[in-house]
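Just so you know, we're using UniProt numbering here: the sequence shown kicks off at 1 and counts up by one.
Glycine residues also receive a C-beta, built at the ideal position from the N, C-alpha and C atoms.
Nothing here was measured: the structure is a model prediction, and the numbers come from that model.
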Amino acid sequence: METYFVKPPCEQMIPKHIQAVTGICQDKIASGISAGDVWQKLVTTVEDIAQLDNMETCPVIIHYAKFEEPFLRDLHEHHGSRRDFPLNIICTHEIARRLFPALPRRGIRALAGYYGYSVQEQRRCCDHIAATAVIWRELIKSLKEEYTVNTFEQLVKWLKEMPIHVHFYRAYPMGARERRYLPDKPGVYRMLRSNGDVLYVGKATSIRKRVNSYFRKRVRHAEHILEMLSQAKKLDITETGSALEAAILESDEIKQYAPAYNIALKKRQRGIWFCTANFKEWNTTPSTTYTRGPFARKIPVQQLAAIKDMIKISVGKPAEDDLYAAFGIPQDYAPGVECVNQGFELFWKQHARILRDVPALYALNKLGKELWLKRTTEQEGEIDADDNEENETRGRVWRPETVAAMIEANVLKSTHELRRTRWLVWLTESSIAWEEVDNSSTRRTLLIFENGEVVHREDLVSANDIPAPPGYQKRFNERQYNIDLMTLDRMRVVMSEMRKLVSSENWVRVRFSPEIMMDSDKLVRMLKWI
1 METYFVKPPC EQMIPKHIQA VTGICQDKIA SGISAGDVWQ KLVTTVEDIA QLDNMETCPV
61 IIHYAKFEEP FLRDLHEHHG SRRDFPLNII CTHEIARRLF PALPRRGIRA LAGYYGYSVQ
121 EQRRCCDHIA ATAVIWRELI KSLKEEYTVN TFEQLVKWLK EMPIHVHFYR AYPMGARERR
181 YLPDKPGVYR MLRSNGDVLY VGKATSIRKR VNSYFRKRVR HAEHILEMLS QAKKLDITET
241 GSALEAAILE SDEIKQYAPA YNIALKKRQR GIWFCTANFK EWNTTPSTTY TRGPFARKIP
301 VQQLAAIKDM IKISVGKPAE DDLYAAFGIP QDYAPGVECV NQGFELFWKQ HARILRDVPA
361 LYALNKLGKE LWLKRTTEQE GEIDADDNEE NETRGRVWRP ETVAAMIEAN VLKSTHELRR
421 TRWLVWLTES SIAWEEVDNS STRRTLLIFE NGEVVHREDL VSANDIPAPP GYQKRFNERQ
481 YNIDLMTLDR MRVVMSEMRK LVSSENWVRV RFSPEIMMDS DKLVRMLKWI
């Protein structure tokens, strides 16, 4: 298989979102060849094949030719040396529409996965050609077995005569027998391709109910879920003692298997970061210099550093770099410098009572707590402080009031990030006990964490038998050294599940040492801030 990088016309730049989905950067195409040269290579190849097979034109197999063919015809128009279009295109998507009318999705990723082939996450032609070859090989087997289509001429005739049936139901590769005897208990389920690849890892309070919810009639699913269900033929499950333990196992297995359809907790390019006390310098490991962290994202902390530098000079003229860093959004979408200055002055006037306190970080933490308290009072339920507002800034009309509100929002989020990070670090050495009611029976469970991992589990007999964790004497900086991305995500999951338990007024206890234990009431107050 030969592949080439093609130079774009007039040194055109590759958009960032295209670089992200393909992995092709500007440097790679700088040494590429012209589109005309690529077209001539393709034409020469298909003409040689046609001559060897005594065919007038060479059949070219494409998945979803409706998208690809216009580009090929454009290349022929601009770079072709003969009048007739030299490709006899057969679309595997059109074949699949007729063979599998009830399959939820028939895109290249879905159909290749249906046949047990894994298409890579990055969209590259080489991988897509290999996937198309797999699809073509399997389709012609079905055509031969079901319709006695054995020649190219018979295929062309079949495509013309075979109607496309519109089905109002979906036929999933995973049959009802595969999920008939699932347990009505908490645990983790794994959707698998026929080749054993893990497509998706999910948690459930009831494995039976959660898995079967995917296959109910008239249930609307997101596109990526339909694509996943078009490939899933097998199911693997692990029962756990509780929903909290299922959530922990799910988080860990997503890191282990990197399933294509788990997005939130995948490693991808994620990492953890530690920074200096002034939030200016960063490192991937803690030390006596890099004492703050771990942070999964730099941006909230960098925003806080910029705002901190801005309030040190009160209503003066902050540095332009600080102005844009305080927003954490691309400069192309940010307001002008004068508008930002006016917005910062307004922000200062609104909160001068607190911002005059020193040091600046103390003042910002104080303001962040006040804003958080106001927000939790006004809004019911859990607040997501991780909202990405970048898309919301596009096309926004900026005014000083808008700028002041955004600085305020960034203070709220960044100070919340600091509080939550400290809590997660302390939680890595803890003993957690909780009570759940299941089918009119009550059970209490104990988990003991050391270095952020579960080292002991038991059904708790007495509420007084909650031991101190083995690492309770570790100082904060010692705990930081034991945290990686998997551990950080695991503790965030534990915190989220703990929040659900106390919100449902369940009995919950967290012990940090022989002397320090938090009951449900204390946890409600603590979790309100993190």
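Check: Coil, strand or helix - Val-43 by DSSP; Outcome: helix
Check: According to DSSP, residues forming a beta bridge with Ile-33; Outcome: Val-6
Check: Pair within 8 Å by beta-carbon distance, residue 531 and Glu-429; Outcome: The requested residue 531 does not occur in the structure, where the chain is confined to residues 1 to 530.
Check: C-alpha gap between Lys-255 and Leu-249, whole angstroms; Outcome: 10 Å
Check: Residue from Trp-273, Phe-85, Lys-185 with nearest C-alpha to Glu-245; Outcome: Lys-185
Check: Nearest residue (CA-CA) to residue 532, options Arg-123, Met-498, Pro-359, Ile-24; Outcome: Limits of the chain in this structure are 1 at one end and 530 at the other, which puts residue 532 out of reach.
Check: C-beta contact flag for Thr-132 and Ile-62 at 8 Å; Outcome: yes
Check: Enclosing alpha helix (DSSP H) for Thr-92 [first to last residue]; Outcome: 92 to 99
Check: Proximity winner among Val-510, Ile-483, Asp-484, relative to Met-495 (alpha-carbon distances); Outcome: Val-510
Check: Contacts around Phe-215, its chain only, beta-carbon distance under 7 Å, and the 5 residues preceding and following it disregarded; Outcome: Tyr-172
Check: Where Arg-444 sits in the DSSP three-state scheme; Outcome: strand
Check: Asp-387 versus His-17 - alpha carbon distance; Outcome: Confidence at Asp-387 is low in this model, with a pLDDT of 47, below 50, so its placement is unreliable and the value that follows should be read with caution. Approximately 20 Å between the Cα atoms of the pair.
Check: Bounding residues of the alpha helix (DSSP H) (the contiguous stretch that carries Cys-339); Outcome: 337 to 355
Check: Which of helix, strand or coil DSSP assigns to Glu-239; Outcome: strand
Check: Whole-angstrom C-beta distance between Met-310 and Phe-344, which should lie under 8 Å; Outcome: 6 Å
Check: Chain-order list of residues whose beta-carbon lies under 8 Å from that of Val-403 (same chain, five-residue window excluded); Outcome: Pro-335, Cys-339, Val-340, Gln-342, Gly-343, Phe-344, Leu-346, Phe-347
Check: Counterpart residues of Val-510 in DSSP-defined beta bridges; Outcome: Ile-432, Met-518
Check: Inter-residue Cα distance where the pair is Ala-463 and Arg-270; Outcome: 39 Å
Check: Residue from Asn-451, Ile-483, Thr-442 whose Cα sits closest to the Cα of Phe-512; Outcome: Asn-451
Check: Span separating the alpha-carbon of Ile-432 from that of Ser-503; Outcome: 16 Å
Check: Element boundaries [beta strand (DSSP E), containing Arg-457]; Outcome: 453 to 459
Check: Unbroken beta strand (DSSP E) run spanning Asp-411, endpoints; Outcome: Per the sequence shown, the amino acid found at residue 411 is Val instead of Asp. No beta strand (DSSP E) contains Val-411, which is instead part of the alpha helix (DSSP H) from 400 to 427.
Check: Segment limits, beta strand (DSSP E) that includes Leu-199; Outcome: 198 to 204
Check: Distance, Met-55 Cα to Gly-80 Cα; Outcome: 20 Å
Check: Sufficient close CB pairs (3 or more, under 8 Å) joining the segment 185 to 204 to the segment 120 to 134; Outcome: no
Check: Inter-residue spacing [alpha-carbon to alpha-carbon] between Arg-492 and Ile-530; Outcome: 11 Å
Check: Per-residue DSSP class, three states only, for Arg-190; Outcome: strand
Check: The segment 365 to 374 / the segment 406 to 416 touching (three or more Cβ pairs under 8 Å); Outcome: yes
Check: Of the residues Leu-488, Val-455, Glu-145, the one placed nearest Arg-297, counting alpha carbons only; Outcome: Leu-488
Check: Anticipated Cβ contact below 8 Å, Thr-442 with Trp-434, distance rounded; Outcome: Thr-442 to Trp-434, Cβ: 11 Å. No contact.
Check: Span separating the alpha-carbon of Leu-155 from that of Pro-101; Outcome: 18 Å
Check: Of the residues Ser-520, Arg-180, Gln-350, Leu-364, the one placed nearest Pro-400, counting alpha carbons only; Outcome: Gln-350
Check: For Ile-62, three-class secondary structure by DSSP; Outcome: strand
Check: Alpha helix (DSSP H) runs wholly inside the segment 457 to 484, at least 4 long, in chain order; Outcome: 476 to 480
Check: Option nearest Thr-205 by Cα separation, candidates Leu-501, Val-524, Pro-514; Outcome: Leu-501
Check: Under 8 Å between C-beta atoms of Glu-39 and Thr-92; Outcome: It should be noted that the sequence gives Trp, not Glu, for residue 39. Result no, Cβ atoms of Trp-39 and Thr-92 do not sit closer than 8 Å.
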